[in-house]
Amino acid sequence: MGNIMVAKRLDQIAFAGIRKVFEKANQLEAQGKKVIHFEIGRPDFDTPAHIKEAAKQALDKGFVHYAPNGGIPVLREALAGRLAADKELTYNPDTEIIMTAGGQEALYLSFLSILNEGDEVILPDPCFGPFPLAVRLAGGVPVKIGLQPQQNYCYDWDAVTRAVSPRTKAIVVNSPHNPTGGVWSEEQLKAVAAFACKHDLWLICDDAYDHLVYGGCRLSPAGFPEMRERTILCGSLSKTYAMTGWRIGYIAAVEPVINAAIRLQQNIMLSLCTFAQHGAAAGLAGSQDCIRVMAAEFARRRQLVLEMVSQTPGIELAGIPKGAFYVFPRITLPNMTSAQVADYLLDNAGVAVVDGLAFGENGNGHFRLSYAVSFEDCREGLERIATAMTVLVQKQ
Ligand SMILES: Cc1ncc(COP(=O)(O)O)c(C=O)c1O
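Heads up: the sequence shown begins at 28 in our numbering, then just goes up one per residue.
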């Protein structure tokens, strides 16, 4: 019987913390309760019509077979055009771009492409859950560094300087940041670029939320001098075009990285869904007005959420979230853990949020609230949170 067990490697791979909340919220809904879904990082909008239309036409034209491993040429060209227009970055679509199954696969392929056994990767803590798991599965060692809320949720540089070692291979930037909504300033992005150069590191730049910035810096470190060679840009159409279910992301990087990623892709996924890629190409090549409309609505919700969170007892915002669609309030109740507060809010107020601990040790004592739900749900959810937190504060 000893052989028929799952691999030891899986011991370090847990189910995502968010899944537990989502399942419990669904159970409550099955019992007829209305739950406000602040736990999900998924835009509530439909994918823009011209993107869907292009995918439908691709199906009708018979684009139902395997695609090239790196992605269909028209999509890679459309992405290269977008990166040039939006970020002034020049990538050769034939050799320096690979399309991936969402930004998440882009991260996995990146780490698998660059890490040798025991290589260390500096990561933000809190961070998007798959980061440390992807590093470990690629044989690397995650080195988590706390963020400073008052500094746009940027790394604590003293801690980063202490943590860097001869084994450090890469440092991660995720701005706008999940789960805090932090957006780094130009100076902060330049500082991480200089750090990567000084210590000869790869810079893994997770741009999943790059179009959701409300008054903060939109620059990409890949555009800074000497950074193109060492930056691995991982991006996604999921949040930008409300396409989370289409599974389209990308890596833009120098040719050896893309070559390695394509070899991995060839053996793991083979290729992405062909007609979905045609839809994605229409999204990248067409009018970008749809992004502006969605981002404007997120900005409106953000304003409401910030106002209401600031008036809610028992929680406070230590930093100002300027991007993505998240806020990450700190819980100020001395006698309750963030897990207990998250459970309480779901059980008593019908509001699903994610315990900050699900994003790392430094997330402890916080919860993540995603305002990727309607304006009305944002208002109702925050009213419910305020009522529930008032009761908790009075009980203290
Ligand atoms: C920071 C970050 N990176 C990457 C992703 C991956 O998104 P997708 O695989 O849908 O592109 C997410 C999704 O929530 C995220 O929050």
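Idealized CB from N, CA, C, for every residue including glycine.
- The closest heavy atom of ligand 1 lies 7 angstroms or more from the beta carbon of Thr74.
- Inclusion of Phe352 and Ala85 in the CB contact set at 8 angstroms is not warranted, their separation being larger than that value.
- With a 10 Å radius around the Cβ and a threshold of 16 neighbouring Cβ atoms, Met416 comes out buried.
- A distance filter of 6 angstroms between CB atoms and the heavy atoms of ligand 1 selects the following residues in sequence order: Gly68, Gly129, Gly130, Gln131, Phe155, Asn201, Asn205, Asp233, Ala235, Ser263, Ser265, Thr271, Gly276.
- When secondary structure is reduced to three states using DSSP, Cys261 falls in the strand class.
- For Tyr353, the pairing in a beta bridge is given by DSSP as Ser397.
- Below 8 angstroms, enough C-beta pairs join the segment 344 to 360 and the segment 203 to 215 to call them touching: three or more.
- A Cβ-Cβ distance of about 6 angstroms is found for the pair Val332 and Cys405, placing them in contact under the 8 angstroms criterion.
- Put simply, the segment 189 to 201 touches the segment 220 to 236. At least three CB pairs are less than 8 angstroms apart.
- Excluding the 5 residues flanking it on each side, Ala307 has same chain C-beta neighbours closer than 6 angstroms at Leu102, Leu264, Ile275, in chain order.
- As DSSP reads the structure, Tyr277 sits in a beta bridge with Met126, Gly262.
- No residue range can be given for Thr271, since it is assigned to no alpha helix (DSSP H) and is classified by DSSP as neither H nor E.
- Bridge partners of Glu147 according to DSSP: Val168, Thr195.
- For the 8 angstroms CB-CB criterion, Ala82 and His305 form a contact.
- Sixteen is the threshold: since fewer than 16 other Cβ atoms of the shown chains lie within 10 Å of the Cβ of Ile31, the residue is exposed.
- Residues Pro70, Phe72, Ala269 of the same chain have their beta carbon placed closer than 7 angstroms to that of Met321, with the five preceding and five following residues left out of the count.
- Rounded to the nearest whole angstrom, the CA to CA distance from Ile231 to Leu160 is 15 angstroms.
- Nearest to Ala379 by alpha-carbon distance, out of Gly59, Phe90, Ala326, Gly408, is Gly408.
- In this structure, Phe90 lies away from Leu396, with their beta-carbon atoms at least 8 angstroms apart.
- Rounded to whole angstroms, the gap between the alpha carbons of Lys61 and Leu55 is 8 angstroms.
- Here the C-alpha atom of Asp113 lies approximately 16 angstroms from the C-alpha atom of Tyr241.
- Note: Tyr182 is bridge-paired with Leu174 in the DSSP secondary-structure output.
- Within the model, the alpha-carbon separation for Ala323 versus Ile285 is close to 34 angstroms.
- For Ile67, the three-state secondary structure derived from DSSP is coil.
- Under the three-pair Cβ rule at 8 angstroms, the segment 40 to 56 counts as touching the segment 147 to 160.
- One Cα belongs to Ser137, the other to Gln39, and the distance between them is close to 20 angstroms.
- Nearest to Arg290 by alpha-carbon distance, out of Asp183, Lys47, Gly97, is Gly97.
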